[in-house]
Amino acid sequence: MSLSLTSSATVSASSSQQLAVDARSLNALKLQAGQNTPEAAKEAAKQFESLFMREMIKSMREATMKAGLLDGAEGNMANDMFDQQLSVQMSGRPGGLSEAIQRQLTKQMGGDAEAALVPGSTLGLDASSRFRAGAASGASASRAVSDASAPAPKGRENFVQHHRAAAERVAQESGIPASFMLGQAGHETGWGKSEIRSKETGNSFNLFGIKAGRGWTGKVAEITTTEYVGGVPRKVTAKFRAYDSYEDSFKDYAKLINDNPRYEKARGKTHSAVAYAAELQKAGYATDPQYASKLSRAIQSTVGVAPTSVARNASNTQA
């Protein structure tokens, strides 16, 4: 496509018209952003790419000699409107700038975007495959309500606020910081986007990807997931524990960490998110080679979200 664009006039259209368009877009984007969803990140990335393209076209016009029938106020306005529409049409294409921006925004919104976008496994279960399994069963998360068994809301801030009370109660009994449990639960579920669900049990309320071994006598959710064998991801069918509520999941996780000898070193590292996550990985909690770094970042990301005791528990999560 040639950017001589019929005339070489500069883009000096009415700023009031530009601001009117931007105001409508901004208001719509603010409404979406308040929901902290991937759709909002995608739209914000597209808006930024569109703005970038518009400025690039503007610079190209300014570098062109000004001579032609459209060199005037009316022509400038027409060119500006055309450039604006062109920038919108050119943005959001696959492989473009918006995709890179969206990935960065998703990391900031979710604390650990890899949990939802890149295969990463806890006891063999990765968030992306859990999302697909949930979608296949037709289940979806809804907004938070007071019932402990209600589906968790999506997004890091909503997720932490929804589970904070249960995490704090279990923290008082177990000695495991609430922030550590909230961060790990968020990482395992993609902050509520990828919970373990099956057609038979529906929502398993399993926030920590704990498998149902031979000693487990409770309910079971069987799904297809990803395990890392020699650092290579492979699809497998696995059985996971299912609970009656999210708080039961927190309690069972705390019991597993405190009662299982393999996690003894992790129990002694609750002063540091980095050290705690590293010991969990060494003990074989997850098969993802990058699990420790992902988990420590997820735990640390709860500091600015959760109030009161959760924030205090997280205050010493730096290495």
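When you read off a place in the sequence shown, starting at 1, and then add 9, the result is the number in this note's numbering.
Built from N, CA and C at the ideal position, the CB exists for glycine as well.
Values in this document were obtained by computation on a predicted structure and should not be read as measured data.
Taking a contact to require three or more Cβ pairs closer than 8 Å, the stretch 232-241 and the stretch 196-203 do not qualify as touching. Using a 10 angstroms sphere on the CB of Lys208, the tally of other CB atoms stays under 16, which defines it as exposed. Secondary structure note for Thr235: its beta strand (DSSP E) is the uninterrupted segment 228-238. In the three-state DSSP reduction, Pro186 falls in the coil class, being neither helix nor strand.
Straight through space, the alpha carbons of Ser188 and Gln290 are spaced by roughly 18 Å. Pairing Asp89 with Leu106, the inter-Cα distance amounts to about 22 Å.
In this structure, DSSP gives Asn212 an extended state, which the three-state scheme calls strand. Ser310 places its beta carbon less than 8 Å from that of Gly192. Val179 carries a helical assignment under DSSP once its states are collapsed to helix, strand and coil.
The beta-carbon separation of Phe214 and Ser254, rounded to 6 Å, stays under the 8 Å limit for a contact.
Counting of Cβ neighbours within 10 angstroms places Gln98 among the exposed residues, the total staying below 16. The three-state reading of DSSP puts Lys260 in helix, counting H, G and I together. Between Gly224 and Ala251, the CB-CB gap reaches or exceeds 8 Å. Rounded to the nearest whole angstrom, the CA to CA distance from His172 to Thr246 is 28 Å. Between the alpha carbons of Glu256 and Gln113 lies a distance of about 32 Å. Distance from the CA of Gly218 to the CA of Leu304, rounded to the nearest whole angstrom, comes to 13 Å. DSSP places Val283 in the uninterrupted alpha helix (DSSP H) bounded by 282-291.
Closest option to Ile205, judged by alpha-carbon separation, among His196, Leu216, Gly195: Leu216. Beta-carbon to beta-carbon, Ile308 and Ile185 are separated by about 11 Å, too far to satisfy the 8 Å threshold.
In the structure shown, Pro242 falls within a strand segment according to DSSP collapsed to helix, strand and coil. With fewer than 16 neighbouring CB atoms inside 10 Å of its own CB, Gln94 falls in the exposed class. One alpha carbon belongs to Ser59, the other to Ala109, and they sit about 14 Å apart.
Between Gly240 and Pro298, the beta carbon gap of about 5 Å places them in contact (Cβ cut-off 8 Å). Contact annotation, Ala292 with Tyr285: C-beta distance approximately 11 Å; criterion of less than 8 Å not satisfied. In the DSSP assignment, Arg306 falls within the alpha helix (DSSP H) that extends over 300-309.
About 6 Å separates the CB atoms of Ser100 and Met62; that is less than 8 Å, so the two are in contact.
DSSP lists Gly211 as the beta-bridge partner residues of Ser207. Between Arg306 and the set Arg178, Phe57, Met190, the nearest pair of CA atoms involves Met190. In the three-state reduction of the DSSP assignment, Phe217 falls in the coil class, being assigned neither a helical nor a strand state. Straight-line spacing of the CA atoms in Phe168 and Glu52 works out to 22 Å. It is roughly 49 Å from the alpha-carbon of Gly195 to the alpha-carbon of Met86. Nearest to Gly211 by alpha-carbon distance, out of Pro270, Tyr237, Phe249, Asp268, is Phe249. Note on Asp261: 16 or more other CB atoms within 10 angstroms of its CB, so buried under the neighbour-count rule.
When the five nearest sequence neighbours on each side are left out, the beta carbons in the same chain lying within less than 7 Å of the beta carbon of Lys244 are those of Thr233, Thr235, in order along the chain.
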